[in-house]
Amino acid sequence: MMKVLFLSVFVVMASLAVSREAPKVDPNHLQTGGYGYLIHESRDCSVWWAEGAYKVMRDAPTPTAKDGKVKMWSAKNEYESFILVVKPTSRMERFRVAASTLEDDRGNVIGNANITIRKVEYVRVRKPTDSYAFAGWWPDPLPLYEQPETLFPAENQAFWVTVKVPADAKAGDYSGNLHLNSDEWNLTVPVRLHVWDFTLPHTPSIRSGFGFNLSEVRNYDNLQTPEEEKEAFDYYMQAFRDYKISPYNPFQLNPIREEITGVAWQGGYFDNQIKQEGNYAYRIEDNSFTYNAEGSSVELIPVNSDDPYTLCWSSCSREEGQNYLVGVECYNAEKRLITFENRFENFTTGREWKRDELNLSTLDHEVKFLKIRLFPTLRTASGEKTGTVWFDDVRLVNNRSGENEFPAGNFEVNLNDIDLKMDFTDFNRAGKRYFDDFGFTGYRLSLRGLGGGTFHSRSAGVFAGFNQGSDEYNLLMERYLAQIQDNLERGGWLGKEYIYWFDEPSVPDYPFVKETNELIKRYAPKLTTFLTEHIDGPDLSDVTDISCTIWHKLKHERIKQMNERGLECWSYLCTGPKSPWITLFIDHDAINMRMWLWGSYKHKLKGILVWATNYWNSGAASPPGYLQNPWEEAMSYTTGYDTPLGVQRNWGNGDGRFFYPLNRDPNNDGKTYIGYPVPSLRLELLRDGIEDYEYLTMLEQLVNSRKGVKNKVLEEARQLLDIPEQIYTNEQTYSKNPRDILEYRQKVAESILKLK
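If you use our numbering, the sequence shown closes out at 761, no skipped numbers anywhere.
See the structure below:
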């Protein structure tokens, strides 16, 4: 999710601070009497456990409540966790923990392969996210427990233990043990699991979109080859599946293969307004201070190296005295670049058309092909030059014959000659895996030719060099979108896509968003349009199928209206909101990730979104060549939005960061790491929330299937679907005590069983 600093939030928070002392996060739940259950206490250590719903701080007090048996309740096809905490009185070497199988009294077994033990590790929060948070060591990374550990005195060491209950497990009571030991100490902890007789669905009921950046994994874990990238990518896709969330783009290694033929130029725009002759000139714009924009010939141009050549053209520019660059690259018979045979020269043009030429003379005997490259500015290493130049009547003249050997330099295009070749083979194969096998709920469909932008800036669409709004653009988009829609419909995946092409528009952007969504709906009415919104902007639901609103700006009446029309409303979290709203930050309440889903159910939202899951480094905040280490630095810093290099603006601790790199020392360790990614504690809690949403949805479906029926059980179930205010009142008022939703979840499960 792209981001914005929410001034209004800061103003509200500042005014609250003036009126009363701001509350502080209470991870130890001291105000409600603490949490957890003491298992064992001796001169060696204390051992206790808690439900997998808390952030166990290093200094969390040992609970006074006692329960020597770990107790869990779970549906089938659900992940259920508990936390085991060991606090030694002296240094404990070679501490080990192992899980037995779980077995019921009829011999049914949940094997220990379904039990995962992770070590709870801590990241240092140096800069609190807001006034509600505090600095210190906060639990978040959950690497696998793989070898004996050294435990330190007077310090909690927590282990996150998760049981994956198979979809085909038998309902009933299962028992097993956790075995703890060190060199001179051991303890057996009994574990009880009750499996309810209902099954959560393979594909989650609530949709999701979470960003993932493979390049970040490549940089941190030192991936060297495409094969390594593919293997690492697959591990991440498995993790998305296991945590019941869907990545933006599971198809990035298996995209739709698109090929446009019949257009000889790329990088610029065919302009039918400013031209020297014919129907079009070619406009090349460079508006970036960090990039050298260019236009170039698409195909290599065959030449005879025995003949001398001259490249000639006409040009004009937006500004008088515009310096620009023209040249050719030379290629051998195998179409490989001959590095030191380039012919480039600087030229100057103005508002009137001007003719220039570049004498290529006789080419080296190895040269068999040329590529023409046109730059509207002087090309530099940093790309700081800007400008716009129009080109027309580009000719590659064979000086011996006098013939123009590149007729496409007149920039005349016949739309009937343009062919859009679409190969869906790889995409469809991956679709069967990710939608059918993995249960992903959707994906972010990127479309060629669409524009884009944010509240910060925007750009109009371009297709094969034709600007959005032109007849040529519309004709090409019509052909293109029809093929996309038809393939998704054939595969049975229509509706899985969401076209998320513009992010967080400001009010002046809404007409542009509406225009583009109208275009999509005109040519592919079955495709799903999508918009993230962070302000109370105009209603675009006539052309927008999914409105995804930042959590603290939900428009409840619009949600109701869109649901009635069969449309969807989602919500998202990012750098905003901050406290008192539900948030995603490391240094905020453990319940937040889970309560986000309870609130989503309450407000009839159909999806959740977070802009990134592995945002580990800001190119603006970090020195050049340095990678921020998320194992050591919890803060996510701003990038983009013209943030100057070296400026460190805080987004929030853990924003966009739900996984940790396998490489714990990315600036010094060059070893290649490939494996299942390290999840965060917040990701575990998010999955629990998704499963809670499933409980509520299942109960709602059972109630709805008995419309017209009146009895006590049904009435109790209907009442349960109305989440009480002491658990959730609104987006910023909700219980911070996990015990409240754990007990309510139990009631929902019992009601499901009564109605099954």
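We put the beta carbon where it would ideally sit given N, CA and C, even for glycine.
{"Asked": "Who does aspartate 508 pair with in a DSSP beta bridge?", "Found": "Thr537"}
{"Asked": "In three-state terms, what does DSSP make of lysine 280?", "Found": "coil"}
{"Asked": "State buried or exposed for glutamate 509, treating a residue as buried only when at least 16 other CB atoms are found within 10 Å of its CB.", "Found": "buried"}
{"Asked": "Going by DSSP, what residue range makes up the beta strand (DSSP E) through serine 322?", "Found": "313-322"}
{"Asked": "On the CB-based measure, 16 or more other CB atoms within 10 Å of its CB, does threonine 1 come out buried or exposed?", "Found": "The question about residue 1 has no answer, for the chain in this structure spans 6 to 761."}
{"Asked": "Below 8 Å on the Cβ atoms is my guess for aspartate 110 versus lysine 175; work out the distance and round it to an integer in Å.", "Found": "Not really, about 11 Å apart at Cβ, beyond 8 Å."}
{"Asked": "From which residue to which residue does the alpha helix (DSSP H) around leucine 725 run?", "Found": "717-726"}
{"Asked": "From alanine 19 to glutamate 494, what does the alpha carbon distance come to, in whole angstroms?", "Found": "Confidence in alanine 19 is poor, its pLDDT being 39 and thus under 50, which makes the residue's placement too unreliable to answer from."}
{"Asked": "Going along the chain, which residues of its own chain have a beta-carbon closer than 8 Å to the beta-carbon of asparagine 433, five neighbours each way excluded?", "Found": "Asn492, Gly496"}
{"Asked": "Using DSSP with H/G/I as helix, E/B as strand and the rest coil, what is glycine 392?", "Found": "strand"}
{"Asked": "Taking its Cβ as the centre, do 16 or more other Cβ atoms sit within 10 Å of glycine 332, making it buried, or is it exposed?", "Found": "buried"}
{"Asked": "In three-state terms, what does DSSP make of glutamine 607?", "Found": "A small correction: the amino acid at residue 607 is lysine; glutamine does not occupy that position in the sequence shown. Helix at lysine 607."}
{"Asked": "Which first and last residues belong to the beta strand (DSSP E) in which isoleucine 44 is found?", "Found": "42-46"}
{"Asked": "Taking the straight line between their C-alpha atoms, what separation do you get for leucine 532 and asparagine 619?", "Found": "29 Å"}
{"Asked": "How long is the line joining the alpha carbons of methionine 7 and lysine 712, rounded to whole angstroms?", "Found": "Reliability fails at methionine 7, whose pLDDT of 44 lies under 50, so the model's placement of it is uncertain and no value is given."}
{"Asked": "Quick one, are the C-beta atoms of lysine 376 and phenylalanine 440 less than 9 Å apart?", "Found": "no"}
{"Asked": "Is it buried or exposed, phenylalanine 15, if we count other Cβ atoms within 10 angstroms and call 16 or more buried?", "Found": "Annotation note: pLDDT 38 at phenylalanine 15 (below 50); position unreliable, no value reported."}
{"Asked": "Have a look at Asn337, Leu610, Arg527 and flag the residue whose alpha-carbon is nearest the alpha-carbon of glutamate 736.", "Found": "Leu610"}
{"Asked": "Do you know whose CA, among Thr315, Ala138, Pro307, lies nearest glutamate 339's CA?", "Found": "Pro307"}
{"Asked": "Leucine 686 lies in the beta strand (DSSP E); which residues open and close that run?", "Found": "Note, leucine 686: premise wrong, no beta strand (DSSP E); alpha helix (DSSP H) at 686-709."}
{"Asked": "Contact defined as beta carbons within less than 8 Å: I believe glycine 458 pairs with glycine 466. What is the distance between those atoms, to the nearest angstrom?", "Found": "Contact doesn't hold; Cβ gap of about 11 Å is too wide."}
{"Asked": "Return the chain-ordered list of same chain residues with a C-beta closer than 8 Å to the C-beta of arginine 563, the five sequence neighbours on each side being excluded.", "Found": "Asp544, Ser546, Ser552, Cys574"}
{"Asked": "Reducing DSSP to helix, strand and coil, say where tryptophan 601 ends up.", "Found": "helix"}
{"Asked": "Taking C-beta to C-beta, are threonine 554 and serine 576 nearer than 9 Å?", "Found": "yes"}
{"Asked": "Does arginine 750 come out as helix, strand or coil in the three-state DSSP assignment?", "Found": "helix"}
{"Asked": "Is DSSP giving serine 301 helix, strand or coil here?", "Found": "strand"}
{"Asked": "Considering just the uninterrupted stretch of the beta strand (DSSP E) at glutamate 350, what are its terminal residues?", "Found": "348-354"}
{"Asked": "Alpha carbon to alpha carbon, how far is leucine 726 from leucine 701?", "Found": "7 Å"}
{"Asked": "Can you tell me whether serine 95 is buried or exposed, with buried defined as 16 or more other CB within 10 angstroms of its CB?", "Found": "exposed"}
{"Asked": "So the candidates are Thr393, Thr643, Ile591; which of them puts its Cα closest to the Cα of leucine 147?", "Found": "Ile591"}
{"Asked": "Where does isoleucine 555 fall in DSSP's three states?", "Found": "strand"}
{"Asked": "Suppose the cutoff is 8 Å on Cβ atoms and the five residues either side in sequence are ignored; what does the same chain contact list for glutamate 696 look like?", "Found": "Ala80, Glu83, Tyr84, Leu205, Lys249"}
{"Asked": "Measuring alpha carbon to alpha carbon, tell me which of Ile728, Ala163, Thr155, Phe139 ends up nearest alanine 65.", "Found": "Ala163"}
{"Asked": "When you compare the region 47-63 with the region 593-607, are there three or more beta-carbon pairs, one atom per stretch, that lie closer than 8 Å?", "Found": "yes"}
{"Asked": "In three-state terms, what does DSSP make of glutamate 483?", "Found": "helix"}
{"Asked": "Note the first and the last residue of the continuous alpha helix (DSSP H) segment covering serine 627.", "Found": "Here serine 627 belongs to no alpha helix (DSSP H), and DSSP marks it neither H nor E."}
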